[in-house]
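Single-structure report; data block below.
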Amino acid sequence: MENLISLVNKIQRACTALGDHGEDSALPTLWDSLPAIAVVGGQSSGKSSVLESIVGKDFLPRGSGIVTRRPLVLQLIKIDEGSREYAEFLHLPRKRFTDFAAVRKEIADETDRETGLSKQISSVPIHLSIYSPNVVNLTLVDLPGLTKVAVEGQSDNIVQDIENMIRSFIEKPNCIILAISPANQDLATSDAIGISREVDPTGDRTLGVLTKIDLMDKGTDAVEILEGKSYRLKFPWVGVVNRSQADINKNVDMIAARRREREYFSTTPEYKHLAPRMGSEHLARVLSKHLETVIKSKIPGIQSLISKTVAELETELSLLGKPISANAGGKLYTVMEICRLFDGIYKEHLDGVRSGGDKIYNVFDNQLPAALKRLQFDKQLSMENIRKLITEADGYQPHLIAPEQGYRRLIESSIVSMRGPAEAAVDAVHIILKDLVRKAISETPELKQYPALRLEVTNAATESLERMREQSKKATLQLVDMECSYLTADFFRNLPQDVEKGGNPSHSIFDRYNDSYLRRIGTTVLAYVNMVCVSLRNSIPKSVVYCQVREAK
99 MENLISLVNK
109 IQRACTALGD
119 HGEDSALPTL
129 WDSLPAIAVV
139 GGQSSGKSSV
149 LESIVGKDFL
159 PRGSGIVTRR
169 PLVLQLIKID
179 EGSREYAEFL
189 HLPRKRFTDF
199 AAVRKEIADE
209 TDRETGLSKQ
219 ISSVPIHLSI
229 YSPNVVNLTL
239 VDLPGLTKVA
249 VEGQSDNIVQ
259 DIENMIRSFI
269 EKPNCIILAI
279 SPANQDLATS
289 DAIGISREVD
299 PTGDRTLGVL
309 TKIDLMDKGT
319 DAVEILEGKS
329 YRLKFPWVGV
339 VNRSQADINK
349 NVDMIAARRR
359 EREYFSTTPE
369 YKHLAPRMGS
379 EHLARVLSKH
389 LETVIKSKIP
399 GIQSLISKTV
409 AELETELSLL
419 GKPISANAGG
429 KLYTVMEICR
439 LFDGIYKEHL
449 DGVRSGGDKI
459 YNVFDNQLPA
469 ALKRLQFDKQ
479 LSMENIRKLI
489 TEADGYQPHL
499 IAPEQGYRRL
509 IESSIVSMRG
519 PAEAAVDAVH
529 IILKDLVRKA
539 ISETPELKQY
549 PALRLEVTNA
559 ATESLERMRE
569 QSKKATLQLV
579 DMECSYLTAD
589 FFRNLPQDVE
599 KGGNPSHSIF
609 DRYNDSYLRR
619 IGTTVLAYVN
629 MVCVSLRNSI
639 PKSVVYCQVR
649 EAK
């Protein structure tokens with residue numbers, strides 16, 4: 099039976115290599131027909147700790163905000179006792195990782211390679227296989243955590259995008275939902291249970307896991323939930339006790355954590371009768387056994403789909419006609435014609451003939467203005483900050499008429515913060531352009547016949563887009579730097595005299611640094627910074643379009 103999970107693992111890896119991620123694809127999709135366990139939970143629900151407890155290793159990136167931004171297909175393979183543990187990534191064949199800190203870093207790096215620095219999400223999965231004598235044969239899909247708000251650098255619709263991605267996985271009838279909920283929060287507000295109930299109202303495909311049981315308020319317990327009285331699922335709830343943040347900081351190993359987890363359930367009076375079916379080790383065994391059972395029941399359907407797909411592809415292959423000319427000239431002509439067709443389809447996406455290009459306008463019209471607005475320049479120009487920079491700029495000798503150096507420092511410190519939104523806009527457009535490449539390739543029928551050419555076209559387009567992104571980033575950041583390097587003098591010349599001079603120079607130094615005086619300076623600087631912000635809001639899209647979109651066409 100264990101060979102069934104290994105077989106499904108191989109098919110999943112083949113699907114990813116062929117571009118089948120369970121979404122719209124030009125290829126017949128096998129991904130959707132394969133049973134998989136999707137791990138769903140809100141941020142801070144303990145989802146990462148549960149996965150690491152099952153594996154027995156620290157290997158997942160941690161941090162604030164949305165850390166998991168791509169699906170992670172985690173395949174656990176049990177090997178002989180005494181063998182050394184190691185990990186392999188599908189995108190890095192022939193490279194073994196024995197240092198799991200390096201695995202954590204590679205997950206983060208590979209995520210950034212696909213999404214850039216824009217903190218956006220991607221549905222393209224990362225495949226990680228872990229070989230260890232301390233695991234059960236199991237495949238899990240770790241999905242981004244459900245969240246309520248976007249973090250800095252993300253579009254406002256990131257919350258809905260994450261929910262849509264999770265829903266696209268768990269609404270499939272072959273998906274087993276592992277719903278992670280913290281015990282120290284009301285189960286009625288659980289993000290995982292809420293979305294699971296929508297797609298699986300009967301609970302037939304949902305396995306509930308309750309975390310943070312040891313962190314519940316004194317005098318309360320989770321017995322009714324674990325016994326299925328508060329919220330009943332087809333399968334029994336499993337409670338786990340993960341390592342605390344203090345344990346993680348102290349590098350408490352998993353063996354000690356598992357032993358302490360077993361002791362907690364066996365010695366706590368409320369949970370003694372439930373102890374045999376509690377804990378991360380029991381959870382791993384339950385998941386492996388359940389996955390094997392589901393795979394066995396789905397084998398006839400998978401075989402039927404594969405047979406049908408092979409027949410369809412053979413029919414399509416016969417319709418493609420005879421092979422191309424054997425001479426170099428005929429081959430070159432065919433390659434150029436196929437590339438021309440791909441190029442035409444890609445341009446149609448950008449020009450609006452096909453869908454997708456409108457997302458670029460959304461970056462300029464919504465994401466960039468929202469990111470600039472979140473900078474909140476009025477808060478940066480607090481009275482304390484203005485007083486500090488003005489007095490520091492004066493040095494040992496107070497200014498005579500207007501604090502020009504102080505003005506410059508205040509303005510420059512505000513304008514420099516605009517580099518972040520500018521860079522994020524470049525990365526967001528880059529992701530859209532890469533996505534349009536994938537769409538255009540899948541919509542070019544001629545490329546199906548030549549997988550090698552398809553790969554070359556993909557690599558060439560990706561390399562070109564990377565080069566364009568760097569050029570665009572350099573040009574766009576130069577726009578911000580230009581605003582810092584030379585201020586518009588006419589703006590200050592047109593100010594009313596009393597505002598420009600900032601008061602009577604005959605006043606004492608204490609009068610000239612009073613709140614009223616500093617407030618006028620802050621108002622002037624804020625007006626100038628807002629003017630620059632409006633200017634960059636208009637010029638950044640021009641730079642991005644000129645360096646990226648125009649070049650991509």
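Numbering-wise (our numbering), the sequence shown opens with residue 99 and increments by one.
Backbone N, C-alpha and C fix where the C-beta goes; we use that ideal spot for every residue, glycine too.
Computed from a prediction, not measured in an experiment: that's the story for all the values here.
Taking just the CA atoms, how far does Val524 sit from Ala538? 21 Å
Considering only the alpha carbon of each residue, which of Cys582, Thr621, Ser142 lies closest to Gln343? Ser142
With burial defined as no fewer than 16 other Cβ atoms inside 10 Å of the residue's Cβ, what is the status of Glu322: buried or exposed? exposed
Straight-line CA distance for Ile436 to Thr407? Taking the straight line joining both Cα atoms gives about 25 Å.
Residue(s) in a DSSP beta bridge with Tyr184: Tyr229
Apart from the five residues just before and just after Val232, which ones in its own chain have a Cβ nearer than 7 Å to its Cβ? Residue identity differs from the one stated: residue 232 is Asn in this sequence, not Val. For Asn232, where only same-chain residues beyond five positions count, the Cβ hits under 7 Å are Gly154.
Measuring only the C-alpha atoms, how far is Arg341 from Val350? 8 Å
Going by Cα to Cα distance, which pick from Val239, Ser583, Gln474 is closest to Leu624? Gln474
Could you tell me which residues DSSP pairs with Pro280 in its beta bridges? Here Pro280 is bridged, per DSSP, to Thr309.
For Leu238, write down the residues that DSSP places opposite it in a beta bridge. Leu238 pairs with Ile135, Leu172.
Can you list, in chain order, the residues of its chain whose CB lies under 8 Å from that of His447, leaving out five sequence neighbours each side? Take His447, set aside five residues on each side of it, and the residues of its chain with a beta-carbon closer than 8 Å to its own are Ser453, Gly454, Gly455, Leu534, Lys537, Ala538, in chain order.
Do Ile638 and Val527 have their C-beta atoms closer together than 7 Å? no
Since Ser378 contacts Ser151 with CB under 8 Å, what's their CB separation in whole angstroms? 4 Å
Does the distance from the CB of Ala290 to the CB of Ile274 come in under 7 Å? no
How is Thr413 classed by DSSP in three states: helix, strand or coil? helix
When you compare each of Tyr505, Gly140, Asp315, Tyr229 to Thr621 by their alpha carbons, which one comes out closest? The residue among Tyr505, Gly140, Asp315, Tyr229 with its C-alpha nearest the C-alpha of Thr621 is Tyr505.
What are the boundary residues of the alpha helix (DSSP H) that includes Thr365? 352–365
If you draw a straight line from the C-alpha of Ala373 to the C-alpha of Thr366, how long is it? 9 Å
Using 10 angstroms around the beta-carbon of Pro280, count the other beta-carbons present and answer buried if the total reaches 16, otherwise exposed. So Pro280 ends up on the buried side.
Buried or exposed, going by whether 16 or more other CB atoms sit within 10 Å of the CB of Ser606? Unreliable placement is indicated for Ser606, whose pLDDT of 43 sits below 50; no coordinate value is reported for it.
In angstroms, rounded to a whole number, what distance separates the CA positions of Leu508 and Leu575? Pairing Leu508 with Leu575, the inter-Cα distance amounts to about 19 Å.
With contact counted as at least three CB pairs below 8 Å, one residue from each stretch, are the region 289–309 and the region 423–431 in contact? The way I'd put it, the region 289–309 doesn't touch the region 423–431; fewer than three beta-carbon pairs between them come closer than 8 Å.
Out of Leu276, Gly317, Asn282, which has the shortest C-alpha to C-alpha gap to Leu331? Leu276
Decide if Lys656 is buried, meaning its Cβ has at least 16 other Cβ atoms within 10 Å, or exposed. No answer is possible for residue 656: it lies beyond the span of the chain, which begins at 99 and ends at 651.
Distance, Cα to Cα, Ile661 vs Leu389? The chain is shown from 99 up to 651; residue 661 falls before or after that span and cannot be answered.
Can you grab the Cα-Cα spacing for the pair Leu128 / Val165, in whole Å? 28 Å
Helix, strand or coil for Val339 per DSSP? coil
Phe440 to Asn636 span [Cα, whole Å]: 32 Å
Hey, would you say the C-beta of Asp312 is under 6 Å away from at least one heavy atom of the ligand NAP? Among the components of this structure there are no ligands whatsoever, and the ligand NAP is therefore not found.
Can you tell me the Cα-Cα spacing of Leu158 and Ile205, whole angstroms? 8 Å
Here's the rule: buried if 16 or more other CB atoms are within 10 angstroms of the residue's CB, otherwise exposed. What is Met263? buried
Specify, as a first and last residue, the run of the alpha helix (DSSP H) that Phe440 falls within. 426–449
So which of Asp254, Arg358, Leu236 has the shortest CA-CA distance to Asn464? Asp254
Tell me where the alpha helix (DSSP H) around Asn460 begins and ends. 456–460
Would you identify the three-state DSSP class for Gly292, choosing helix, strand or coil? Three-state result, Gly292: helix.
Any contact between the region 310–322 and the region 166–178? By contact I mean 3 or more CB pairs, one from each, below 8 Å. no
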